[in-house]
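Numbering (numbering that gives the first Met the number 0), first residue to last: 0 to 498.
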Amino acid sequence: MEKDAQTPKTGCSSAANRMNNPHTVSFGPYTFHRQQRLVSKAGLPVPLGGRALDILAVLLETPGQFVAKDTLLARVWPCSVVEENNLRVHIAALRRALDGQRYILNEPARGYCFVAPSTAASARPWHNLAARLSPMLGRDELLGALVRRLSGQRLIMLTGCAGVGKSTLALALAERVLPRYRDGVGWVDLATVHAPSQLLRHLAATLNLQPCSSAHALCEQLAARHLLLVLDGADVLLGACRHLVRVLHEKAPQVTVLLTSREALQVPGEWVQRVPRLALPAPSAWGSVEQAMVYPAVHVFVARVRAGQQGFVLRPQDLAPLRDICRRLDGIPLALELAAAQVEALGLRGLQAQLQQGVQVLTRGRRTAIERHRSLTAALDWSYERLSLPQRWLFLQLALFKMAVTLPLLSELVAGTELEHADLSYLLTRLAATSMLTVEPGPGPARYRLLNSLRSYALAHLRDPVQVARLQQGYGHYLGPFSGRPFVLQLVEQAAHAE
């Protein structure tokens with residue numbers, strides 16, 4: 000067993016610290032990503048513990064040569080007292096993960112030797128991108144188009160509804176274009192930045208710049224850098240981000256900016272890509288498993304089920320409930336992933352029955368994700384809470400309509416309510432701009448509709464006594480005492496009978 004030494008030796012450093020170089024090493028079907036501490040096979044991560052990765056890193060430093068056991072123990076456990084059996088356990092785990100013993104030999108008197116031919120990739124630029132734990136599915140064509148677009152575009156905005164995969168797409172794009180940028184890629188998660196005044200400090204820390212109090216001073220430090228700056232989750236800091244990109248354009252001409260947000264910055268030179276939902280099969284394509292699996296939404300759902308339930312096979316009798324599940328989840332990747340995680344416990348028909356009660360069942364989120372990505376409800380809360388009060392009223396009102404509505408029809412439907420004198424055109428435009436409302440294509444007047452998942456979320460608000468109380472309080476604050484109560488009660492009554 001491992002025992003921590005009472006006093007670490009002077010100058011000792013872990014094997015992990017020796018791997019902070021930007022190289023990758025390939026052998027057979029495997030690639031060892033030193034900086035990310037990750038082994039991948041055909042693009043998928045190979046599950047390995049930290050000590051096994053440290054051992055592999057040491058062996059790959061001198062492939063074809065034996066490394067003594069004492070040397071491995073000192074390198075991998077530099078500040079601990081460890082029994083030799085511990086080394087054997089991690090070597091065995093490493094061999095199992097790499098398909099047996101053919102890559103690692105051992106001789107009792109000489110130690111261990113890595114014998115597979117390996118090639119070291121050229122040094123990659125600096126980056127702070129997170130290691131990908133699962134492949135991105137269903138976005139190959141869009142990713143290729145963005146890679147080409149980024150070669151001549153300094154400002155790209157990825158927009159779309161909550162859970163559609165803006166951050167995932169941005170990460171894949173940053174990984175793909177990393178070699179283009181001499182000074183690398185800096186990823187800045189704005190979910191942890193709660194005020195515009197914190198943005199510059201957060202940026203400076205991420206990019207290893209001197210702290211400064213103005214965007215001009217910060218951007219001057221980037222004047223000679225050739226890098227890609229990714230601002231993820233710019234929704235709540237649009238004003239600060241808008242000012243930052245304008246100054247970057249002036250002071251740092253070699254910096255390219257990629258943002259993700261529910262809505263665009265609306266600045267000169269911005270190229271907006273709305274991230275679409277994953278395509279769902281047409282009714283005629285549900286005739287067989289093979290036909291359905293061609294479509295990205297089904298492919299993603301089944302792949303995620305298989306990741307958590309080995310041996311899962313999609314059968315013809317599963318297509319009917321799966322079709323209803325995919326329709327209710329609108330082809331939104333986060334929703335599909337969260338739903339797939341519950342198939343092992345509920346089965347497809349059990350999951351279908353749960354979703355008929357609303358998307359609130361999708362609360363068993365990813366523990367390692369940032370808060371707004373941990374569940375579909377959290378992602379939608381993030382968007383809903385940032386709507387103005389009139390926008391919330393209209394959003395909830397639209398949940399009562401299963402079909403798309405036009406502005407003239409909506410004006411008739413809200414006659415006699417507190418929304419009668421509101422600027423409906425502006426409110427609809429804002430809801431659409433913030434990805435809370437879908438504008439359906441077609442001739443004639445614009446037709447607006449809530450996605451199924453958003454409609455379910457809105458109806459749940461109207462059926463929740465706590466949310467209703469907050470809504471009533473909001474009406475009273477906005478319109479005066481008691482003026483909103485009849486309208487709220489009317490919405491609640493209608494929501495109770497909505498499908």
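C-beta: ideal position from N, C-alpha, C; glycine also.
Helix, strand or coil at residue i [DSSP, three-state]
| i | result |
| --- | --- |
| Gly-49 | helix |
| Lys-401 | coil |
| Ile-155 | strand |
| Glu-384 | coil |
| Asn-127 | coil |
| Ala-216 | helix |
| Tyr-102 | coil |
| Ser-424 | helix |
| Cys-112 | strand |
| Val-80 | strand |
| Val-301 | helix |
| Val-75 | helix |
| Asp-463 | coil |
| Thr-433 | coil |
| Gln-390 | helix |
| Asp-317 | helix |
| Thr-367 | Its pLDDT being 47, under 50, Thr-367 is placed unreliably in this model, and the coordinates cannot settle the point. |
| Cys-325 | helix |
C-alpha gap between residue i and residue j, whole angstroms
| i | j | result |
| --- | --- | --- |
| Gln-355 | Pro-444 | 31 Å |
| Ala-459 | Leu-406 | 25 Å |
| Gln-466 | Leu-236 | 26 Å |
| Gln-390 | Ala-457 | 12 Å |
| Ala-431 | Val-438 | 7 Å |
| Gln-272 | Thr-167 | 14 Å |
| Pro-77 | Asn-85 | 14 Å |
| Gln-341 | Leu-350 | 7 Å |
| Leu-217 | Arg-200 | 9 Å |
| Ser-150 | Trp-392 | 42 Å |
| Ile-103 | Ser-455 | 54 Å |
| Val-24 | Ser-213 | 42 Å |
Beta carbon of residue i nearer than 8 Å to that of residue j
| i | j | result |
| --- | --- | --- |
| Leu-257 | Pro-332 | no |
| Arg-74 | Val-88 | no |
| Thr-428 | Ser-382 | no |
| Leu-226 | Gly-183 | yes |
| Pro-295 | Leu-136 | yes |
| Leu-279 | Gly-330 | yes |
| Leu-72 | Ala-130 | no |
| Leu-423 | Leu-409 | yes |
| Phe-65 | Arg-109 | yes |
| Asn-127 | Thr-205 | yes |
| Gly-502 | Leu-154 | What the structure shows of the chain is the stretch from 0 to 498, and residue 502 is not part of that stretch, so it cannot be assessed. |
| Ala-203 | Cys-211 | yes |
| Phe-311 | Leu-335 | no |
| Ala-403 | Tyr-447 | yes |
| Leu-375 | Leu-399 | no |
| Val-304 | Ala-339 | yes |
| Asn-207 | Arg-326 | no |
| Thr-158 | Glu-262 | yes |
| Phe-113 | Leu-47 | no |
| Asp-234 | Arg-385 | yes |
Residue range of the unbroken alpha helix (DSSP H) whose run includes residue i
| i | result |
| --- | --- |
| Val-254 | Segment 254 to 259 is the beta strand (DSSP E) holding Val-254; no alpha helix (DSSP H) there. |
| Val-288 | 288 to 292 |
| Arg-276 | Note, Arg-276: premise wrong, no alpha helix (DSSP H); not H, not E. |
| Leu-172 | 165 to 176 |
| Glu-83 | 83 to 96 |
| Phe-311 | Counting along the chain, Phe-311 falls outside any alpha helix (DSSP H), and DSSP gives it neither H nor E. |
| Gly-357 | Note, Gly-357: premise wrong, no alpha helix (DSSP H); not H, not E. |
| Pro-280 | Looking at the DSSP string, Pro-280 is not in any alpha helix (DSSP H), and its letter there is neither H nor E. |
| His-201 | 195 to 205 |
| Asp-234 | Run containing Asp-234: none; DSSP gives neither H nor E here. |
Residues bridged to residue i (per DSSP)
| i | result |
| --- | --- |
| Trp-186 | Val-229 |
| Arg-469 | Bridge partners of Arg-469: none, in fact. |
| Ser-39 | Thr-30 and Pro-44 |
| Arg-447 | With the sequence shown as reference, residue 447 is identified as Tyr, and Arg is not the correct amino acid for it. According to DSSP, which records beta bridges pairwise, Tyr-447 is partnered with Val-404 and Val-438. |
| Val-271 | Met-156 |
| Val-66 | Tyr-111 |
Contact with chain B by residue i, beta-carbon distance below 8 Å
| i | result |
| --- | --- |
| Val-404 | In summary, chain B is missing from the structure at hand, where a single protein chain is found. |
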